[in-house]
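Q: What follows is a structure written as C-alpha cells; I'll ask about it next.
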Amino acid sequence: MPAKDIYHDTVKNALIKDGWTITHDPLRIRLARGKNLFVDLGAERLLAAQRGVERIAVEVKSFTRPSDMKDLEEAVGQFVLYARLLIRYYPEYILYLAVSEDTRKRVFEEEAGQTLIEDGIICLVTFDPLKEEIVRWIR
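In C-alpha cells:
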C-alpha cells in the first residue's frame, strides 16, 4: 500500500466535517492479474432530496516539490489513470483531486491548471489545512 500524502488525514477530517462518510481508506482498484491501485479515499453521503447516495473518490496531493509543474504533471497522470479505471470498475464514483486552497490559487489559476479544469479533465476539491475544512468543489 502506498504512503499517505501529508494532507491525507486533513482531507479525511474535512470531508467528515462536510457531511461525508468515509467508506474506503484507501479505495482499492483491483486490476486483472493481481495488480492493485489505491485511490486515497472513498466517501459517500445521502442525497435526501433524491433518496440516493453520492459517492466520491478523492486523491490527495500536497504539491510540495520545487516545481509546481512537475507536481501537476504527476497528479494529472495519476488522476486520468484512476478516473478511467473508476469508470470501468466503480462507475458510481466521481473522482476529485484534493489540494489546499493555496495550491488551487498558485497552480490552478495559472493557464495549465485552468485549462485542465475548463476542459473537464479534472475535478477539484480544495481545503483549508489549518481549519481542516472543505473550501470549494470544482467540477
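For the sequence shown, position 112 matches number 106 in the numbering used here, and the numbering has no gaps at all.
Using N, Cα and C, we set each Cβ at its ideal position, and we do this for glycine too.
Everything numeric in this text was worked out from a predicted model, so none of it was measured.
Which residue wins for smallest C-alpha separation from A106, given the options D62, L9, I23, G13?
A: The candidate whose alpha carbon is nearest that of A106 is D62.
Q: Decide if E53 is buried, meaning its Cβ has at least 16 other Cβ atoms within 10 Å, or exposed.
A: Answer is buried; the Cβ neighbour count reaches 16.
Q: Along the alpha helix (DSSP H) that carries V101, what are the first and last residues, could you check?
A: First-last for V101: undefined, no H or E at that position.
Q: Given that a residue counts as buried once 16 or more other Cβ atoms are within 10 Å of its Cβ, and exposed if not, what is D34?
A: D34 should be labelled buried.
Q: Taking the alpha carbon of T4 as the point to measure from, which residue in I132, R133, T120, W131 has its own alpha carbon closest?
A: Comparing Cα-Cα distances from T4 to each of I132, R133, T120, W131, the minimum goes to T120.
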